[in-house]
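Working notes for the structure below.
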Amino acid sequence: MSLSRSILLWASENSWMRYHVPRWGFVKSAVKKFMPGERVEDSLRAADKFRASSITTVFTRLGENITDLSEGLAVRDHYLDLIDKISTNKLDVEISLKLTQLGFDLSFDETYERFKTIADKVKNKLGNVIWIDMESSSYTGKTIEFYKKIKSEFDNVGLCLQAYLLSAEDDLNDLLRLNSHIRLVKGAYKEPHGIVFAEKKKVDQNYFELAKKMLSVSKEKNIRTVFGTHDEKLILQIRQEADLLGISNEQLEFHMLYGIKLEFQKELAKRGNKLRVLISYGEFWYPWYMRRLAERPANVWFVLKNMFS
Ligand SMILES: Cc1cc2nc3c(=O)[nH]c(=O)nc-3n(C[C@H](O)[C@H](O)[C@H](O)COP(=O)(O)OP(=O)(O)OC[C@H]3O[C@@H](n4cnc5c(N)ncnc54)[C@H](O)[C@@H]3O)c2cc1C
């Protein structure tokens, strides 16, 4: 991992910075590159604009690691209300969320009940899939256990898997056997040695190996296989592999983040690939934003430019 990436990921976890940085005006305005606004209405408007380019969306309310279980109840209610708003606006929006936003650090069972209430409403009101984000490696095993449990009750739940983990292949095999809906990403957290591939090249290779497996299984089974990446080379390789397997453009699904490679996003959608853009909103954007900076440390120049403008 590069030094700049390590520093930015360290900063994402630093409590002094978590408290102070979001109060700095120039950082606040730089964040707009990655989110249309803090309010859910900003996201609804952005989703409506994407619709014109045949791009659908995924919403996530920023927030993680709550320290009081009652906060998780407010988060649950927020998502229940969001489902109504999506339905009223007749938008094709899916939801993705972090379990620690519902109280996963404090109680598995309470988190389960909260998630279940949301998944049930998603199923009945939107009729689509709700996604579980994957957080740092200390949560991987617990999150997979949670997913397997919720999957035994709901068929409309999908899980994110991170290709940088050495354990990703075993987890993928296990989850594919259960016909899981999977969104494959590279992975965004600062992880200890020995858990993740040390070189980025190896992460990319592993991503492609896992993607090939997902494609071949998705041909046989009716499961969602989603590739969450902006890596154009990888996307080309995946498209070529899909061609070889006879998987059509319309069956191939990519998810990307708001604010990254917009022109490329439009191009993919124009070619007929399914594309969803993940839109984040909310006030608790600091750790998430630092992870976005770490993915491309050159983004820091953009923040500094805002400081001087
Ligand atoms: C829909 C979606 C959901 C995600 N959910 C999770 C999750 O639950 N858990 C998790 O750990 N991670 C998640 N991620 C983040 C993911 O793990 C990667 O950190 C992120 O996608 C960058 O990796 P990449 O595949 O785009 O490849 P990279 O090799 O990092 O990037 C490829 C190219 O994309 C561009 N790019 C990538 N990131 C940025 C950026 N921040 N700013 C500007 N340009 C950029 C650059 O041009 C770069 O060269 C998610 C990503 C997506 C797209």
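To get our numbering, take the position in the sequence shown, counting from 1, and add 34.
Note that the Cβ used here is the ideal one computed from N, Cα and C, for glycine as well.
Just so it is clear, the structure is predicted and the values come from calculations on it, not from any experiment.
Around the beta-carbon of GLN274, fewer than 16 other beta-carbon atoms lie within 10 Å, marking it exposed. Using a cutoff of 7 Å, the CB of ASP126 does not count as near ligand 1, since none of the ligand's heavy atoms is closer than that. Burial check for ASP82: the Cβ neighbour count within 10 Å stays below 16, so the residue is exposed. Shortest gap from the CB of LEU244 to any heavy atom of ligand 1: 7 Å or more. Judged by DSSP in its simplified three-state form, LYS236 adopts helix. Distance from the Cα of SER87 is smallest, within the candidate group ARG310, TYR53, ALA328, for ARG310. Here DSSP, grouped into helix, strand and coil, assigns PHE231 to coil. Out of ILE216, TYR146, GLN135, the CA that lies nearest to the CA of VAL163 is found in ILE216.
In this structure, the beta-carbon distance from LEU133 to THR177 falls below 8 Å.
In this structure, ligand 1 has no non-hydrogen atom nearer than 7 Å to the beta-carbon of ALA153. Between the region 257-276 and the region 40-52, the count of Cβ pairs shorter than 8 Å is below three; the stretches do not touch. For MET290, the enclosing beta strand (DSSP E) covers residues 287-291. Minimum Cα-Cα distance from ASN123 among the listed residues ARG79, LEU107, PHE180, LEU96 corresponds to ARG79. Short of 7 Å from the beta carbon of VAL55, and not among the five residues preceding or following it, lie these beta carbons of its own chain, in chain order: VAL61, TYR320. Secondary-structure assignment with DSSP links TYR315 through a beta bridge to ARG95.
ILE294 has its Cβ nearer than 7 Å to a heavy atom of ligand 1. Straight across, the Cα-Cα distance linking LEU244 with TYR173 is about 21 Å.
For ILE216, the uninterrupted beta strand (DSSP E) segment begins and ends at 215-219. When the Cα atoms are used, GLU266 and VAL219 turn out to be separated by approximately 14 Å. If you check the C-beta of ALA45 against ligand 1, you find no heavy atom less than 7 Å away.
Residue state for PHE149 is assigned as helix, using DSSP reduced to three classes. In its chain, beyond the 5 residues on either side, THR259 have a beta carbon closer than 6 Å to the beta carbon of SER252.
Assigned with DSSP and collapsed to three states, TRP165 falls in strand.
In the three-state reduction of the DSSP assignment, LEU131 falls in the strand class. Comparing alpha-carbon positions, the option among TYR198, ASN213, TYR223 lying closest to LYS236 turns out to be TYR198. Per DSSP, GLN274 has no beta-bridge partner at all. Proximity to GLY192 across LEU210, PRO70, VAL230, ALA108 peaks at LEU210, based on C-alpha coordinates.
PHE68: not part of any beta strand (DSSP E); DSSP gives it neither H nor E.
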